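*Asks:*
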Amino acid sequence: MQPIAKRVSKLGTENAFNVGALVAGLERQGKKVYKFHIGQPDFPTPQNIKNAAIEALHANMTGYTEPAGIYELRQACAEYIAKTRKVEVSPEEVVITPGAKPIIFAAAFVCVERGDEVVYPNPTFPIYESVIEVNGGRAVPLRLNEETGFRFDHEELKAKVKKGKTKMIMINSPANPTGSILDENDLKLVRDLAVDNDTLVFSDEIYDQIIYEGEHRSVLSLPGMKERTILLNGHSKTYAMTGWRLGYGVMPKEIADKVIRLGINIYSCPTSFVQKAGVEALRGPQDSVAVMRDEFRRRREVVVKALNEMKGVKCQMPKGAFYAFPNVKGAMRRLGMKKAIELQEKLLYQKEVSILSGTYFGKYGEGYMRFSYDTTMADIEEGLKMMRERIEGK
Ligand SMILES: Cc1ncc(COP(=O)(O)O)c(C=O)c1O
Numbered sequence: 001m002q003p004i005a006k007r008v009s010k011l012g013t014e015n016a017f018n019v020g021a022l023v024a025g026l027e028r029q030g031k032k033v034y035k036f037h038i039g040q041p042d043f044p045t046p047q048n049i050k051n052a053a054i055e056a057l058h059a060n061m062t063g064y065t066e067p068a069g070i071y072e073l074r075q076a077c078a079e080y081i082a083k084t085r086k087v088e089v090s091p092e093e094v095v096i097t098p099g100a101k102p103i104i105f106a107a108a109f110v111c112v113e114r115g116d117e118v119v120y121p122n123p124t125f126p127i128y129e130s131v132i133e134v135n136g137g138r139a140v141p142l143r144l145n146e147e148t149g150f151r152f153d154h155e156e157l158k159a160k161v162k163k164g165k166t167k168m169i170m171i172n173s174p175a176n177p178t179g180s181i182l183d184e185n186d187l188k189l190v191r192d193l194a195v196d197n198d199t200l201v202f203s204d205e206i207y208d209q210i211i212y213e214g215e216h217r218s219v220l221s222l223p224g225m226k227e228r229t230i231l232l233n234g235h236s237k238t239y240a241m242t243g244w245r246l247g248y249g250v251m252p253k254e255i256a257d258k259v260i261r262l263g264i265n266i267y268s269c270p271t272s273f274v275q276k277a278g279v280e281a282l283r284g285p286q287d288s289v290a291v292m293r294d295e296f297r298r299r300r301e302v303v304v305k306a307l308n309e310m311k312g313v314k315c316q317m318p319k320g321a322f323y324a325f326p327n328v329k330g331a332m333r334r335l336g337m338k339k340a341i342e343l344q345e346k347l348l349y350q351k352e353v354s355i356l357s358g359t360y361f362g363k364y365g366e367g368y369m370r371f372s373y374d375t376t377m378a379d380i381e382e383g384l385k386m387m388r389e390r391i392e393g394k
């Protein structure tokens, strides 16, 4: 018997979690590891948000909820999107999910037919490629270039979007793993191509509040986009709520109904009392968001400066999210390494520094590493020292 279905061979993964398991193993051996591999704020969830969940538990909010999520939270998400994206959104167009990730799978499962092409950025969050492929789509990588601040080339995007073949264009701004931001012209091109070629746009905006320069821009704000956009957002990054598992999607009702149906098949509904915390996060005081962003800004300066001082390393200043994406090609050449994964392994096992190979984010990530600066300044400073020692061969 062959127990595993063939399609599962197409299922990718998120290696940050696999490296996390290796790190936990080293820690069990009593080693101090400098952890820069995972994308989660190191701050505790703000107290007002925790209190809302505790109150909901005390009020015995412990049963199933509506599968799409409680109305109050969908309303709060719709209000937030209407206010920030300047587009009217109704609670029927919002689907709450356990973490934002299910929205990515659901978008592909619900909208992508076998053989449909989906244009997606590369390097990017690895789950995109995985869900396109496992759902029978063809993942068409759109290269993000260091030369253009890790934005895509307009001519390349024009060439890759094809009428009748491309079902969806995926974008992510601010971006994981590059920290880049798409500008107004990039978004307009995505809109024009989506409208002219009748495609959907999947816009992952989970880092919308973690921006260091200017304001967040969304493709959803552009005319004609509401009926063809699936927008992903969530509480994980903005409110330091990764472990709560709370996210949401905004999409045309016809798609939302199917996403809800998929949710009923897998998890029935998001966790009840967590949703009350989600309402407080969106409607309560926002001061903690600014505090976290300011701290990330401070760390960003330190990380980028130190990386650029290492021999054979070049790093651009990220504009958003909490990742630096240094080019380590020079260092790899000097150290005789052909693949960034070799450098990742040497750093982890020889210096207890866990950062990720850029190839975990797609083939165009070769020669780069992702450094998450979502840990304490003390660990960042010490970890960078260790990294420099290994890279400079001391
Ligand atoms: C670009 C991007 N989208 C979606 C997610 C998923 O977020 P969540 O933890 O809420 O599922 C992440 C998490 O790392 C991410 O970086």
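What the sequence shown shows, in this note's numbering, is residues 1 to 394, in sequence order. In this text, a Cβ means the ideal position worked out from N, Cα and C, and glycines have one as well. None of these values were measured; they are calculated from a predicted model.
State the DSSP-derived secondary structure class of Phe152, mapped to helix, strand or coil.
*Replies:* Correct three-state label for Phe152: strand.
*Asks:* Suppose you measure from the CA of Tyr128 to the CA of Leu335; what does that come to, to the nearest Å?
*Replies:* Cα to Cα, Tyr128 sits roughly 32 Å from Leu335.
*Asks:* Could I get the ranges of all uninterrupted beta strand (DSSP E) runs contained in the region 311-383, with 3 residues as the minimum, in chain order?
*Replies:* Whole beta strand (DSSP E) segments, 3+ residues: 369-372.
*Asks:* I need the DSSP call for Leu246, collapsed to helix, strand or coil.
*Replies:* Coil.
*Asks:* Where does Arg217 fall in DSSP's three states?
*Replies:* Three-state result, Arg217: coil.
*Asks:* Please state the DSSP three-state secondary structure of Asn265.
*Replies:* Reduced to three states, the DSSP call for Asn265 is helix.
*Asks:* Are Lys162 and Val112 close, meaning C-beta to C-beta below 7 Å?
*Replies:* It is not a contact, given that the beta carbons lie outside the stated cut-off.
*Asks:* Are the CB atoms of Tyr248 and Asn233 within a distance shorter than 7 Å?
*Replies:* Contact: yes.
*Asks:* With DSSP run on the structure shown, which of helix, strand or coil describes Leu22?
*Replies:* Note: Leu22 maps to helix in three-state DSSP.
*Asks:* Exposed or buried, which one is Gly393 when buried takes at least 16 other CB atoms within 10 Å?
*Replies:* Gly393 should be labelled exposed.
*Asks:* What do you reckon, are the CB atoms on Ser288 and Pro46 nearer than 7 Å?
*Replies:* Their beta carbons are under 7 Å apart, which means Ser288 touches Pro46 by this criterion.
*Asks:* Classify Asn18: buried if its beta carbon has 16 or more other beta carbons within 10 angstroms, exposed otherwise.
*Replies:* That one is exposed.
*Asks:* Taking 8 Å as the threshold, find out whether the region 117-127 comes into contact with the region 172-179 through three or more Cβ pairs.
*Replies:* Verdict: yes, contact present.
*Asks:* What does a CB cutoff of less than 6 Å around Cys315 pick up in its chain, not counting 5 residues either side in sequence?
*Replies:* The answer, listed in chain order, is Val304, Leu307, Asn308, Ala324, Pro326.
*Asks:* Looking at the unbroken alpha helix (DSSP H) that takes in Ile49, where does it start and where does it end?
*Replies:* Its alpha helix (DSSP H) spans residues 47-58.
*Asks:* Measure how close the beta-carbons of Met369 and Val302 come, nearest whole angstrom, since I'm counting them as under 8 Å.
*Replies:* So it is not a contact: roughly 17 Å between Cβ atoms.
*Asks:* Let's test the definition: count the other Cβ atoms within 10 Å of the Cβ of Lys363 and tell me whether it reaches 16, buried, or not, exposed.
*Replies:* With fewer than 16 other Cβ atoms within 10 Å, it is exposed.
*Asks:* Just tell me which of Val190, Arg261, Glu66 has its CA closest to the CA of Pro223.
*Replies:* That would be Val190, whose Cα lies nearest to the Cα of Pro223.
*Asks:* Any heavy atom of ligand 1 inside 6 Å of the beta-carbon of Ser236?
*Replies:* Result yes, Cβ under 6 Å from ligand 1.
*Asks:* Roughly how far, in whole angstroms, is the beta-carbon of Ala281 from the beta-carbon of Ile49, given that I think they are within contact range, below 8 Å?
*Replies:* That pair is a contact at about 5 Å.
*Asks:* Considering only heavy atoms of ligand 2, does any lie closer than 6 Å to the CB of Gly99?
*Replies:* With respect to small molecules bound, the structure shown includes ligand 1 and not ligand 2.
*Asks:* Would you list the residues sitting across from Gly234 in a DSSP beta bridge?
*Replies:* DSSP, once it has assigned bridges, lists Gly247 as partnering Gly234.
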